[in-house]
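In what follows, a single structure is set out as structure tokens and then discussed.
Structure (structure tokens):
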């Protein structure tokens, strides 16, 4: 159930960003309001009294700070990759990164890798590529431009791997809400820094609509992380299974939503990717 809710919430994030672009709402301001909304939800969801000193002294605090920096940094890398290399390149680079936490889980936690699971993971990578790929509108891009997709690939993988490591090693069950809140607070503060820099350069115009879009996005964003952490905490599934099913299902569901609600056209490769995604999820889950 936690995994299913994480997939739904993560898919909603893509839908909200699509709508933000469609209605020309300021994306950066939406993101900043989203982080502070998510932070507030984490504080409200925390059942224990909040003592700043205890939080600072907790084993996971510096990990939360690092993840906050990564969250907003990798988002900006994703935006640059989409602008310079194309949306398809950005999508494939971010989703293919699922292989990093999978490999980490196999070696760090001695998770199982039978033939069926290995085939499922390989099929998942193929499915992500086929479901994401779009027709090229240009002849290609220079090799020197590969550093952005590579940075996005490794950055996205490091985020997922770090979440799993910190959740496993340092976070008690009851601390998941406040841990998530600290991640979002740090990301939000960095976002405020970006906006302040724009204001100093006289490039800032306040967008009232960003408050509502950021509020909605913040609720969805918080629960996408919270539910993923709860899914990773479950004893029934290994992290390699969780990450494979999570990423592939998000690509599959997002593709279908784009088809049904945003009238996006799917190629034969895209449909093949969706079919392979279903097979890979079945293989990995049953393994």
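In my numbering, the protein residues as written are 15 to 301.
The C-beta atom is built at its ideal place from N, Cα and C for all residues, glycine as well.
Item	Value
Nearest CA to the CA of residue 211: which residue from 242, 42, 17, 34?	42
Between residue 291 and residue 112, is the Cβ-Cβ spacing less than 9 angstroms?	no
Assign residue 262 to one of two classes, buried (16 or more other C-beta atoms within 10 Å of its C-beta) or exposed (fewer than that).	buried
Using three-state DSSP, classify residue 163 as helix, strand or coil.	helix
Short of 6 angstroms in beta carbon distance, which residues of its chain neighbour residue 287, apart from the five on each side in sequence? Order them along the chain.	141, 144, 145
Does the distance from the C-beta atom of residue 16 to that of residue 241 stay below 9 angstroms?	yes
Verify whether the separation of the beta carbon atoms of residue 192 and residue 52 is less than 9 angstroms.	no
From this set, 36, 118, 50, 189, which residue's C-alpha is nearest residue 244's C-alpha?	189
Is it buried or exposed, residue 50, if we count other Cβ atoms within 10 angstroms and call 16 or more buried?	buried
So for residue 112, helix, strand or coil by DSSP?	coil
Give the DSSP-derived three-state secondary structure of residue 222 in the structure shown.	coil
Using C-beta distances below 7 angstroms, list every residue in its chain close to residue 272, excluding the 5 sequence neighbours before and after it, in chain order.	278
Report the three-state DSSP secondary structure of residue 84 (helix, strand or coil).	helix
Can you give the Cα-Cα distance for residue 9 and residue 294, rounded to whole angstroms?	Examination of residue 9 is not possible in this model, given that the chain is present from 15 through 301 alone.
Looking at C-alpha atoms only, which residue of 57, 116, 187 is the closest neighbour of residue 196?	57
Under 8 angstroms: do the region 247-256 and the region 71-80 share three or more Cβ pairs, one atom per stretch?	no
Who are the Cβ neighbours of residue 264 in its own chain at under 7 angstroms, not counting the five residues just before and after it?	21, 24, 25
Are the CB atoms of residue 194 and residue 236 nearer to each other than 9 angstroms?	yes
For a minimum of 4 consecutive residues, which ranges assigned as the alpha helix (DSSP H) are wholly contained in the region 214-279?	223-247, 253-275
Quick one: any contact between the region 32-41 and the region 216-226, if contact means 3 or more CB pairs under 8 angstroms?	yes
Using 8 angstroms for Cβ pairs, my map puts residue 172 next to residue 135. What's the rounded Cβ distance?	Not quite, the Cβ-Cβ distance comes to about 19 angstroms (not below 8 angstroms), so this is no contact.
For residue 138, which option in 76, 258, 208, 176 has the closest C-alpha, if you only look at C-alpha atoms?	258
Under the three-state reduction of DSSP, which class applies to residue 72: helix, strand or coil?	coil
Which of the three DSSP states, helix, strand or coil, is assigned to residue 191?	helix
Mapping DSSP to helix, strand and coil, what is residue 199?	helix
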